[in-house]
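Protein chains in written order, with the working numbering: chain Z, 5 to 702; chain F, 5 to 702. Following: one structure in structure tokens, then a few remarks.
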């Protein structure tokens with residue numbers, strides 16, 4: 005953890021620069037919230053007009069503020085911020101939250117001011133949160149540097165880190181309505197200095213925080229984020245909502261891989277690597293956060309459903325199944341126990357339908373029976389407003405059973421007004437409640453996912469030590485930007501253990517015939533031109549030429565086809581290659597992602613890659629387990645195990661190619677994109693053949 | 005509409021058989037709700053003990069009930085229901101709601117009793133809702149035959165028809181919490197007589213009902229449901245939640261089509277045909293229903309987003325984009341108008357970010373400007389709890405603008421407690437509000453979808469009058485159940501205008517050589533056996549044999565391969581066929597779905613159909629537009645338009661094949677499944693070739 009950020013999270017004294025008597029000013033709100041927060045350090049309100057505010061004497065300038073003071077909250081107009089910062093430097097304050105707006109977010113002039121502020125802070129050694137942010141809030145310390153209208157959040161165990169300031173007030177309000185509290189809230193604003201990655205470890209180190217929720221509009225340094233988040237996520241669950249799908253950076257698109265490697269693929273790969281759980285909506289993020297904060301993790305994935313109504317039980321079973329969790333098979337002893345509690349007409353098989361007559365005793369005892377079953381990893385309880393018993397009574401009976409259990413239980417209290425009191429009881433007991441079975445099921449699935457993540461060892465990227473990085477650097481240094489010629493490509497891939505079949509350039513038809521004789525018939529011809537990327541599209545490829553006459557005629561054909569399609573392209577002749585053995589054709593490619601660096605792709609190869617879209621991505625270098633998961637995520641990868649008449653192919657060699665190509669691109673950022681398409685995966689044990697490879701240097 | 009159901013929806017007098025003084029009995033609840041509902045017809049409470057209840061004299065038997073009475077609500081124990089029904093018959097009552105449980109849902113004995121009840125009702129001409137149901141509720145008539153605990157639903161314009169009784173109380177309670185009312189509620193219970201399809205038209209005919217919501221656990225007669233729902237959905241929006249994904253009926257699975265044609269594919273196809281909007285969750289169903297009930301439909305799909313905060317604006321834009329709606333480009337005049345209202349730093353391009361300072365005036369005037377823009381079809385407004393202005397004030401200012409508009413506006417009021425009053429104002433004004441932008445976007449997308457549905461004409465299935473159904477019947481009548489031999493298949497398909505290439509059976513190698521000479525070289529050989537379905541999997545197919553010697557050797561090879569794979573199979577020799585022209589290979593198949601009948605599939609053909617899963621389904625016979633949509637829904641279909649080096653193929657011929665195969669299977673239910681795989685689609689104008697066809701008779 006970065007010690008220079010310590011004053012933000014554990015300040016000994018705080019100066020509010022721009023504290024105001026005027027209730028419409030932000031400086032009023034900050035003074036009100038800070039003084040009312042219960043903060044136990046020193047509070048200094050600063051305003052040139054002096055006087056008294058909220059029972060505190062107002063200092064006329066920062067210089068006159070007594071010790072201790074190690075954090076400033078700046079709420080003066082933007083133009084006055086540079087001076088305020090200089091005053092901080094002079095007073096020895098090394099951490100400042102700039103709540104004021106009027107910077108980069110309002111245009112070029114503001115951006116210039118922000119850059120000036122950043123420079124001043126750097127020179128003075130002052131760390132900054134903001135500008136244009138809500139600030140910081142800690143419900144346990146307690147501490148509140150925000151100007152948000154009351155009420156402040158209820159203390160809780162979910163931390164919220166946000167790129168959007170506007171959403172913070174809504175989240176606080178919504179959380180209190182949903183019955184969960186926040187531990188810390190960090191609004192980062194324009195992030196001119198401190199960014200989401202910087203605060204991760206600090207927020208996670210808080211003993212009250214059990215789950216981190218992140219509202220991200222982008223990540224500046226992708227690799228550093230992954231490194232920090234991966235460390236944090238081993239200790240505490242991290243759930244992220246990433247908004248803004250519009251592409252951020254310029255991206256390589258000359259390859260299939262580049263065309264498909266969208267920002268979303270990169271973020272998904274990054275979150276997967278870092279153990280960050282990605283939510284698609286705000287509601288999902290907090291639905292999951294509550295369960296992660298309050299429930300033990302399941303030791304097994306099997307879910308039991310307990311309901312007093314058939315219909316919602318079916319909905320829950322559908323949702324559980326759709327999320328990939330199994331429905332638990334109940335033990336005979338459990339069924340016997342249920343039979344003792346429930347009426348004869350009850351349906352004992354999971355979902356257990358106790359019927360509408362079920363009251364507090366039936367709920368509690370059936371739940372206990374299910375939790376006692378070794379085959380049950382988690383229980384989803386559903387109670388529509390019971391016709392005869394109140395939701396409150398049912399919840400009251402279940403709560404001790406749930407609190408005593410080492411397995412997660414989530415409760416669907418259907419309805420709204422009739423279940424209000426039951427809901428309050430559950431929330432007080434830290435048991436997550438949902439209005440509908442689908443959302444409860446989704447929470448359970450997240451718990452199972454988190455458990456699986458923690459059970460698996462932290463994967464190490466596969467490394468091939470025998471690679472020759474110097475050789476690759478030499479080739480790249482000697483090459484111009486753009487697509488490399490085939491011999492250079494062969495050297496680069498060869499240096500990383502990926503051998504290409506021998507391809508010989510023939511400038512004339514005579515040459516081609518001679519080379520074909522050396523390589524052995526039948527041969528393939530491909531037009532040789534650095535300016536024609538998709539050669540088969542223009543009739544620039546001929547296959548299976550069986551003799552000299554065919555090669556001679558073929559040379560003329562591909563030259564003519566290429567000339568017709570690209571009249572201005574440079575033609576160097578043809579590449580001659582012996583026809584290759586058969587196999588399943590896949591694509592393996594890699595590109596540099598602007599946020600996250602090397603991103604590797606595996607999937608269905610050929611010319612229809614973008615149409616079929618049967619591809620998977622991972623960050624490189626990657627662990628072997630992730631490469632295996634890429635194969636399992638695509639049909640092209642799954643069928644390498646064999647499918648009907650397709651014999652099992654050499655999966656291990658395909659995985660090896662993914663890992664090596666990933667390492668190559670991760671080691672050499674000058675490789676903008678590289679793509680083997682197709683990579684022909686031969687029968688099991690026979691290896692792979694890189695039929696066609698393109699590599700672009702940036 | 006079925007006149008015999010009229011008493012359920014407009015009864016002149018109601019008898020409650022089993023009205024009870026005991027508050028724990030359902031008969032008490034029914035009496036309480038009915039007498040308290042404001043029902044203006046005659047109310048007769050019936051109980052052998054007589055006396056008085058809820059201010060009504062209790063009749064000792066049904067015979068003594070005076071006129072008018074045309075509906076009975078039966079809440080006596082199950083065993084007493086037959087006698088109660090007989091009493092209804094004797095008293096001339098022809099409609100009864102059996103609320104009592106204890107029938108099919110409790111096992112075999114109950115099922116026998118239910119079947120007895122159904123028989124009695126049929127004999128007496130009494131229509132039944134239930135048993136084991138909540139009954140009926142109409143908030144406008146008003147009428148309430150349920151036993152649900154108060155409060156009853158608020159009057160509104162959303163009708164709810166449910167297979168699940170248990171969910172009804174939750175939905176009523178939840179609806180009141182969400183601020184929308186119900187018009188009618190129909191709980192159907194065991195549906196021993198009246199089912200969801202029967203009540204559709206009745207519920208829709210209610211002037212107060214603007215949207216029908218259906219909670220379905222299954223549909224008994226799929227084609228009748230489609231017919232009724234298609235009629236209703238032209239007048240009123242129908243949103244359905246179908247639960248229970250576990251397969252219901254026995255299904256053909258000997259073909260690729262059968263293996264992929266799950267219950268979900270059939271329901272999706274059916275809902276699409278009927279114009280029913282399928283929701284995935286309860287929340288979606290009612291989120292959409294509120295918007296459909298309260299908003300005008302958009303004349304164009306383009307959405308403008310108005311926000312006072314950047315972050316949530318981005319979330320909304322993401323969601324709008326993900327749902328396939330365009331973000332509106334704003335007219336210069338709109339931008340000028342916004343510029344006049346908003347501060348210089350505001351972001352005027354859609355999403356329009358007014359900044360946090362925006363108050364009631366800015367919201368109202370900017371919204372008016374957007375609604376006035378001809379390029380804007382709908383507006384999504386977002387307001388996080390405003391830092392300076394209350395949500396209430398903002399809503400108050402916007403409501404007259406929204407009410408005056410002919411375009412839909414949905415509002416995201418982020419937060420919970422701080423926005424409560426604003427939310428109430430919106431709900432009173434019938435403006436749908438949501439907590440998060442994603443759900444608001446989803447509601448707008450549903451409005452756009454509904455508008456598109458109403459704009460399109462009701463599609464008529466394509467019919468080919470020149471087909472020869474008698475020929476097909478003759479072949480099927482002469483065939484045993486199972487796969488038909490190739491010549492029979494050729495006759496069946498030929499009768500529907502789908503010609504197969506000539507295939508000749510050769511029993512011996514000599515025969516094969518002779519036939520090949522007649523057909524012309526090169527030829528293909530396929531092992532002829534009714535007992536080997538996937539011939540290429542076992543090496544039973546050889547292609548491109550160029551001369552007599554190759555055919556002679558090939559005959560031996562395929563026989564040996566087939567024998568090795570299926571030692572016990574009957575081998576009839578080989579089928580000889582001239583090698584076919586090239587084309588893009590697709591699959592076209594059709595099966596009988598147990599609920600919905602003929603279901604046709606189109607997609608990526610070959611042997612990997614189930615792995616690639618690039619397929620689309622529709623009910624047959626189908627309109628040409630639906631066949632086109634199937635092509636557009638799959639990569640195999642889209643690439644028929646041409647892709648890179650693939651020339652455009654004969655899409656029209658492929659569509660024709662889908663339509664004809666669909667008509668064939670729809671006309672002949674004895675065809676359990678038929679599949680053309682591959683169907684080779686030649687270049688545009690050259691037609692299609694059915695390379696391999698299998699047809700199974702049931």
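Note that beta-carbon positions come from the ideal geometry of N, C-alpha and C, so glycine has one too. Quick caveat: nothing in here was measured; it's all calculated off a predicted structure.
Residues of its chain near residue i, where Cβ-Cβ distance is below 6 Å and the 5 sequence neighbours each way are ignored
i, result
"residue 277 of chain Z", "230, 623"
"residue 241 of chain F", "215, 296, 454"
Inter-residue CB distance, residue i and residue j (contact presumed, cutoff 8 Å)
i, j, result
"residue 196 of chain Z", "residue 121 of chain Z", "7 Å"
"residue 418 of chain Z", "residue 316 of chain Z", "6 Å"
"residue 337 of chain Z", "residue 379 of chain Z", "About 11 Å; that fails the 8 Å criterion."
"residue 626 of chain Z", "residue 663 of chain Z", "7 Å"
"residue 11 of chain F", "residue 75 of chain F", "5 Å"
"residue 18 of chain Z", "residue 48 of chain Z", "7 Å"
"residue 65 of chain F", "residue 50 of chain F", "7 Å"
"residue 314 of chain F", "residue 168 of chain Z", "7 Å"
"residue 595 of chain Z", "residue 259 of chain Z", "7 Å"
Euclidean distance between Cα positions of residue i and residue j
i, j, result
"residue 566 of chain F", "residue 577 of chain F", "10 Å"
"residue 33 of chain F", "residue 13 of chain F", "20 Å"
"residue 237 of chain Z", "residue 274 of chain Z", "13 Å"
"residue 382 of chain F", "residue 203 of chain F", "33 Å"
"residue 345 of chain Z", "residue 270 of chain F", "40 Å"
"residue 408 of chain Z", "residue 460 of chain Z", "27 Å"
"residue 211 of chain F", "residue 159 of chain F", "13 Å"
"residue 475 of chain F", "residue 494 of chain F", "11 Å"
"residue 509 of chain Z", "residue 621 of chain F", "50 Å"
"residue 456 of chain F", "residue 496 of chain F", "38 Å"
"residue 688 of chain F", "residue 472 of chain F", "27 Å"
"residue 261 of chain Z", "residue 153 of chain Z", "49 Å"
"residue 92 of chain Z", "residue 108 of chain Z", "22 Å"
"residue 488 of chain F", "residue 534 of chain F", "8 Å"
C-beta neighbour in chain F for residue i, strict 7 Å
i, result
"residue 681 of chain Z", "no"
"residue 214 of chain Z", "no"
"residue 181 of chain Z", "yes"
"residue 292 of chain Z", "no"
"residue 178 of chain Z", "yes"
Residue i at chain Z interface by Cβ criterion, 7 Å
i, result
"residue 418 of chain F", "yes"
"residue 171 of chain F", "yes"
"residue 442 of chain F", "yes"
"residue 388 of chain F", "yes"
Same chain, Cβ closer than 7 Å to residue i, neighbours up to 5 away in sequence not counted
i, result
"residue 350 of chain Z", "357, 358, 359"
Residues near residue i in its chain [Cβ-Cβ closer than 8 Å; skip 5 each side]
i, result
"residue 239 of chain F", "208"
"residue 252 of chain Z", "A caution first: residue 252 of chain Z carries a pLDDT of 34, below 50, which makes its placement in the model too unreliable to give a value."
"residue 90 of chain F", "124, 128"
Quiz item: Using 8 Å as the threshold, is the region 279-288 of chain Z in touch with the region 431-442 of chain F, meaning 3 or more CB pairs across them?
Solution: Yes, the region 279-288 of chain Z touches the region 431-442 of chain F.
Quiz item: Quick one: any contact between the region 549-569 of chain Z and the region 509-521 of chain Z, if contact means 3 or more CB pairs under 8 Å?
Solution: Yes, since at least three Cβ pairs between the region 549-569 of chain Z and the region 509-521 of chain Z fall closer than 8 Å, the two stretches touch.
Exercise. State whether the region 33-44 of chain Z contacts the region 145-152 of chain Z, with contact taken as three or more CB pairs (one from each stretch) at a distance under 8 Å.
Key: The region 33-44 of chain Z, when compared against the region 145-152 of chain Z, does touch it at the 8 Å Cβ threshold.
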